[in-house]
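Participant: Chains as they are written, first to last, in our numbering: chain A, 1 to 402; chain B, 1001 to 1129; chain C, 2001 to 2188.
Where is the CB? At the ideal position from N, CA and C, for every residue including glycine.
This one's a predicted model, so the numbers in the text were calculated from it and none came from an experiment.
Before anything else, here's the structure in question.
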Amino acid sequence: MWQQIHINKRNSILLLLSMGLVLAALGYIIAAAIGGSPEAGWLGILIASAIWLIMTLVSFTSGDQILLASSRAAPVTPEVHPQLFNIVEEMKIAAGLPKMPKIYIINDPAPNAFATGRNPQNASVAVTAGLLTRLNRDELQGVIAHEVSHIVHRDILFVTLAGVLLGSVVLISQVFLRGMVYSSMSARRYSSRGSSRGGGGQALLMLLAVLLAILAPLFTQLLYFALSRRREYLADAGAARLTRYPEGLASALEKIAQQDIPMESANQVTAPMYIANPLRGKKYLNLYSTHPPIEQRIRILRNMSQGASLADYEQFYRSVTHKAGMIPQSALSKETVSIRPPSTEKTDPSSLNQIRAMGDLMRKVNGFKFLTCPCGVILKIPPNFPTGKAQCPHCGHVLSVS
Amino acid sequence: MNCAVCSNPMITLELDQVETDYCLTCRGIWLDKGELEQLLGDTLQAQQVLQSFQIAQDCKESPRRCPICGKKMEKVLAGPESKTTLLDRCKKGHGLWFDSGELESVLSLGRFDSEGKLPSYLKKMYTRK
Amino acid sequence: MGAIAVLLLIVLIGLILFLLAIIGIYNALVQLRNQADNAWSQIDVQLKRRHDLIPNLVETAKGYMKHERETFEKITEARSQAMGAKNVADAAKAENALTGALSKFMLVVENYPDLKANQNFLALQETLTSTENKIAFARQAYNDQVLLYNNKTQMFPSNIIAGMFGFRKRDSFEIGEAAQRETPKVSF
């Protein structure tokens, strides 16, 4: 089943190489244009590599921490949401992960989720409070299986590396373009012989550099997004097989699609990591979208009524998208994965209960204590509550906080 | 969330699946927007009750700050007569604040329909026998 | 000296490469076998967890479900049979019976709204659901691993190494069929 990891690896390396080439070309042209000689260009490649190296080191040592912190994800204990922990463990067993991923909850009402980390040993899964309160058990399992598939397929490493390259390209282009605007203004003000120095050759180089600085980030982003779309399909296929219940993920995606509140804590670079594009509401070109159309993903999953193997997914991927195959032939072993029956749990909480459940969830994440008074009142005590005792205003009973 | 009067951390109380916020130190009560809607229902009448609160002009009481947005709240009159009670309402619509004892006097004024969910709930929750 | 030395050197390098290849294949086989063992022990862990869970579950539910004595008896009986099984085949048979009894119980529970309102029971029910899932997923993961391992032991050239060092074919764990089959040695 996991053969697509290797295919992924080859595609990823090709993609990362082309992104690296863009970065090097950018460094070369910019430095050559500023220095006025091809020799300076080599120095530019060196500087670009140094920037890339530093950013890679940072993202390898603490990239997941930075990402989790910037998405306002809080680490949680099993007591906060036992079902979430159970489901992650189920998927860990199903996928044969060597270690339980760390689990985070994001304080955001928009339903979404992502996985991050360098490898299966150091992986994290983050889900929003909105997701946890809206989905039932089978749907949550589908989403977690999708994220665990990302971990197994090593997509998390790829996204980190590609994100760094994209970040480097954007950084260098921005610095150069802003520098150009600034220096052209000051040159006009303070120097009259600025343009006479390099002659026509340098002017042409300069033009090329500006053009590249504008186009390179767009091009790199296209590369980044193109592969991340394919990865979403692959993770959906993996999720269907892991859970043996494609309807779970399909119905979760449907619920996620109904919500069009954009996530406050997501941005352009982190967007491809989520299960569904967190920046919906803003309009993008088709080429420029980080995720495949959610309706297509749902339709493929819903068509899988006969089996949940990768070959079953592949078959309906072709019929729904009218595109050539996505999963390499070598990964499509002749296995039959039968669909399991849905779980018996049939609780679909009303929207009012959902709001309260989400509030309680975030209180638990933030360390609130829940005390139940004998009279039936539940006292929710914040972690910074100063005294050790609380009197119930309903019946007068004194409860101990600690 | 901190109390609008004494700035101590407030606790949340849940009874019959309805939440209200309460300050154990000064006994102030905060009803946020969602909680009010839950207790009043979405009926027009309920909205009218809230809208009918008149803003108190030249009031001597110092303004309280909304526990959610921290902005100064406006004083509103909870009764038609001169012996009325002053409540604090967030200008951004985050909710309604009752000082200690204000709840009882609002309820005794009979401005709310005494059979309604809001007064009966608050009476049940906050008035001890 | 030239020609012979060069020939010797080539032979030596060839020999080293050959040895390295054998070591590589051997290590890959060991790794796959360990992964299969590991997957198997996961099934074991989850089955034990289920045994520990049942008394608590029965105790909590009994008070609410007065008319379901038969269901409880079946669960308790299957549990003690599974725990007391002398060999793997008996254990697998008893575990399958237990799975059947528990899934029936879960269906019956839907008729008792009072029980479904009990927080303690809800927590137990979630743990049971999850444990049942973990058993099923662990079986699936074990079968995946066994498939990879068996492929390696049967394909050229690794089948030669496998034959030399005694890496034998494994049976997969089929639900229902498991009772008839000789599954890998494990102590319940």
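Compile a chain-ordered list of the residues in the segment 2118-2131 of chain C whose CB is closer than 9 Å to at least one CB of chain D.
Facilitator: The question asks about chain D, but that chain is absent: this structure's protein chains are A, B and C.
Participant: If I follow the unbroken beta strand (DSSP E) through residue 271 of chain A, where does it start and stop?
Facilitator: Start at 1 with the first residue of the first sequence, and residue 271 of chain A comes out as number 271. First-last for residue 271 of chain A: undefined, no H or E at that position.
Participant: Can you tell me where the beta strand (DSSP E) with residue 2071 of chain C in it begins and where it stops?
Facilitator: Stepping through the third sequence from its first residue, residue 2071 of chain C is reached at position 71. That residue, residue 2071 of chain C, is in no beta strand (DSSP E); its alpha helix (DSSP H) goes 2069-2084.
Participant: What separation, rounded to the nearest whole angstrom, lies between the Cα atoms of residue 1091 of chain B and residue 1002 of chain B?
Facilitator: As a first step, residue 1091 of chain B must be located in the second sequence, where it is residue number 91. As a first step, residue 1002 of chain B must be located in the second sequence, where it is residue number 2. Their backbone Cα atoms lie some 18 Å apart in a straight line.
Participant: What did DSSP end up calling residue 72 of chain A once you bin it into helix, strand or coil?
Facilitator: As a position in the first sequence, residue 72 of chain A is number 72, starting the count at 1. Three-state DSSP puts residue 72 of chain A in coil, outside helix and strand.
Participant: For a quick check, are the C-beta atoms of residue 2048 of chain C and residue 89 of chain A less than 8 Å apart?
Facilitator: As a working mapping, residue 2048 of chain C is identified with position 48 in the third sequence. As a working mapping, residue 89 of chain A is identified with position 89 in the first sequence. Contact: no.
Participant: Would you mind working out which of B:1106, B:1022, B:1089, B:1118 sits nearest residue 1055 of chain B, comparing C-alpha positions?
Facilitator: If you number the second sequence from 1, residue 1055 of chain B lands on position 55. That would be B:1089, whose Cα lies nearest to the Cα of residue 1055 of chain B.
Participant: Using a beta-carbon distance cut-off of less than 8 Å, what residues from the segment 1050-1063 of chain B approach chain A?
Facilitator: Flagged: no residues at all.
Participant: Please report the residue range of the alpha helix (DSSP H) in which residue 321 of chain A lies.
Facilitator: Residue numbering aside, residue 321 of chain A sits at position 321 when the first sequence is read from its first letter. Start and end: 310-321.
Participant: Pop quiz: residue 205 of chain A and residue 32 of chain A are said to be a contact at Cβ under 8 Å. What is the actual Cβ separation, rounded to whole angstroms?
Facilitator: Reading the first sequence from its first residue, position 205 is the one you call residue 205 of chain A. Reading the first sequence from its first residue, position 32 is the one you call residue 32 of chain A. Right, the Cβ-Cβ distance comes to about 6 Å (below 8 Å), so this counts as a contact.
Participant: Which residue or residues does DSSP assign as beta-bridge partners of residue 1076 of chain B?
Facilitator: Taking the second sequence and counting its residues from 1, the one referred to as residue 1076 of chain B is at position 76. For residue 1076 of chain B, which the question treats as bridged, DSSP gives the partners B:1055, B:1087.
Participant: Who does residue 127 of chain A pair with in a DSSP beta bridge?
Facilitator: Locating residue 127 of chain A in the first sequence gives position 127, where the first residue counts as 1. Its beta-bridge partners are A:105, A:113.
Participant: What does residue 2134 of chain C reach in chain A if we use C-beta pairs closer than 9 Å?
Facilitator: The count along the third sequence starts at 1 and reaches residue 2134 of chain C at position 134. Neighbours of residue 2134 of chain C on chain A, chain order: 86, 89, 90, 93, 94.
Participant: Return no unless some Cβ of chain A is closer than 8 Å to the Cβ of residue 1068 of chain B.
Facilitator: If you number the second sequence from 1, residue 1068 of chain B lands on position 68. Not one chain A Cβ lies under 8 Å of residue 1068 of chain B.
Participant: Alpha carbon to alpha carbon, what distance is there between residue 1097 of chain B and residue 396 of chain A?
Facilitator: Residue mapping note: residue 396 of chain A aligns to position 396 of the first sequence, counting from 1. Residue mapping note: residue 1097 of chain B aligns to position 97 of the second sequence, counting from 1. Answer to the nearest angstrom: the Cα atoms are 22 Å apart.
Participant: Using the rule of at least 16 other Cβ atoms within 10 Å of the residue's Cβ for burial, across every protein chain shown, is residue 1059 of chain B buried or exposed?
Facilitator: Translated into positions along the second sequence, residue 1059 of chain B becomes position 59. Classification for residue 1059 of chain B: exposed.
Participant: Decide yes or no for the touch test of the segment 2138-2155 of chain C against the segment 2112-2129 of chain C: beta carbon pairs closer than 8 Å, at least 3 of them.
Facilitator: In short, these stretches do not touch, since the Cβ pair count stays below three.
Participant: Do we get a CB-CB distance below 8 Å when we pair residue 1131 of chain B with the residues of chain A?
Facilitator: With chain B covering only 1001 through 1129, there is no way to say anything about residue 1131 of chain B.
Participant: So, do the segment 240-257 of chain A and the segment 141-148 of chain A have three or more beta carbon pairs nearer to each other than 8 Å?
Facilitator: Short answer: they touch.
Participant: Among residues of its own chain, excluding the 5 on either side of residue 2078 of chain C, which ones have a beta-carbon nearer than 7 Å to its beta-carbon?
Facilitator: Within the third sequence, numbered from 1, the residue matching residue 2078 of chain C stands at position 78. Excluding residues within five positions, the ones whose Cβ falls inside 7 Å are 2094, 2097, 2098, 2101.
Participant: Taking the beta strand (DSSP E) that residue 391 of chain A belongs to, which residues open and close that run?
Facilitator: If you number the first sequence from 1, residue 391 of chain A lands on position 391. Start and end: 389-391.
Participant: Please report whether the beta-carbon of residue 365 of chain A lies at a distance below 8 Å from any beta-carbon of chain B.
Facilitator: Position 365 of the first sequence, counted from the first residue, corresponds to residue 365 of chain A. It does not; no Cβ of chain B falls within 8 Å.
Participant: Candidates C:2158, C:2153, C:2141: which alpha carbon is nearest residue 2169 of chain C's?
Facilitator: Locating residue 2169 of chain C in the third sequence gives position 169, counting from the first residue. The option with the nearest alpha carbon to residue 2169 of chain C is C:2153.
Participant: For residue 1031 of chain B, collect the residues of the same chain with a Cβ closer than 7 Å to its Cβ; drop the 5 residues on either side in sequence, then sort them by chain order.
Facilitator: For this step, residue 1031 of chain B is matched to residue 31 along the second sequence. Cβ within range, chain order: 1020, 1095, 1096.
Participant: Report the three-state DSSP secondary structure of residue 28 of chain A (helix, strand or coil).
Facilitator: Position 28 of the first sequence holds residue 28 of chain A. Three-state DSSP puts residue 28 of chain A in a helix.
Participant: If you pair each beta-carbon of the segment 2103-2116 of chain C with each one of the segment 57-66 of chain A, do three or more pairs fall below 8 Å?
Facilitator: With a cut-off of 8 Å, the segment 57-66 of chain A and the segment 2103-2116 of chain C do not count as touching, because too few Cβ pairs lie within range.
Participant: In the DSSP assignment, find the unbroken beta strand (DSSP E) run with residue 1015 of chain B in it and report its ends.
Facilitator: Your numbering for residue 1015 of chain B matches position 15 in the second sequence. Unbroken beta strand (DSSP E) run through residue 1015 of chain B: 1011-1015.
Participant: Going by DSSP in three states, residue 135 of chain A sits in which element: helix, strand or coil?
Facilitator: Position 135 of the first sequence, counted from the first residue, corresponds to residue 135 of chain A. Residue state, collapsed to three classes: coil.
Participant: Assuming residue 1034 of chain B is part of the alpha helix (DSSP H), what are its boundary residues?
Facilitator: Against the second sequence, residue 1034 of chain B aligns to sequence position 34. Per DSSP, residue 1034 of chain B belongs to the alpha helix (DSSP H) from 1033-1040.
Participant: In the DSSP assignment, find the unbroken beta strand (DSSP E) run with residue 1022 of chain B in it and report its ends.
Facilitator: Within the second sequence, numbered from 1, the residue matching residue 1022 of chain B stands at position 22. Run containing residue 1022 of chain B: 1018-1022, per the beta strand (DSSP E) assignment.
Participant: Quick test of your reading: residue 73 of chain A and residue 104 of chain A, contact by CB under 8 Å. State the CB separation rounded to the nearest angstrom.
Facilitator: Counting from 1 along the first sequence, the entry for residue 73 of chain A is found at position 73. Counting from 1 along the first sequence, the entry for residue 104 of chain A is found at position 104. Going by Cβ atoms, the distance from residue 73 of chain A to residue 104 of chain A rounds to 4 Å, so yes, they are a contact pair.
Participant: Kindly give me the distance between the Cβ atoms of residue 213 of chain A and residue 173 of chain A, rounded to whole angstroms, as I take these residues to be in contact under 8 Å.
Facilitator: Indexing the first sequence from 1 puts residue 213 of chain A at position 213. Indexing the first sequence from 1 puts residue 173 of chain A at position 173. About 4 Å; that satisfies the 8 Å criterion.
Participant: Would the segment 2052-2061 of chain C count as touching the segment 2124-2140 of chain C if we require 3 or more Cβ pairs under 8 Å?
Facilitator: Touching, yes.
Participant: Taking the alpha carbon of residue 2031 of chain C as the point to measure from, which residue in A:98, A:16, A:78 has its own alpha carbon closest?
Facilitator: Looking up residue 2031 of chain C in the third sequence gives position 31. Residue A:98 is the option with its Cα nearest to residue 2031 of chain C.
Participant: Give the secondary structure of residue 23 of chain A by DSSP, where H, G and I count as helix, E and B as strand, and everything else as coil.
Facilitator: Start at 1 with the first residue of the first sequence, and residue 23 of chain A comes out as number 23. Helix.
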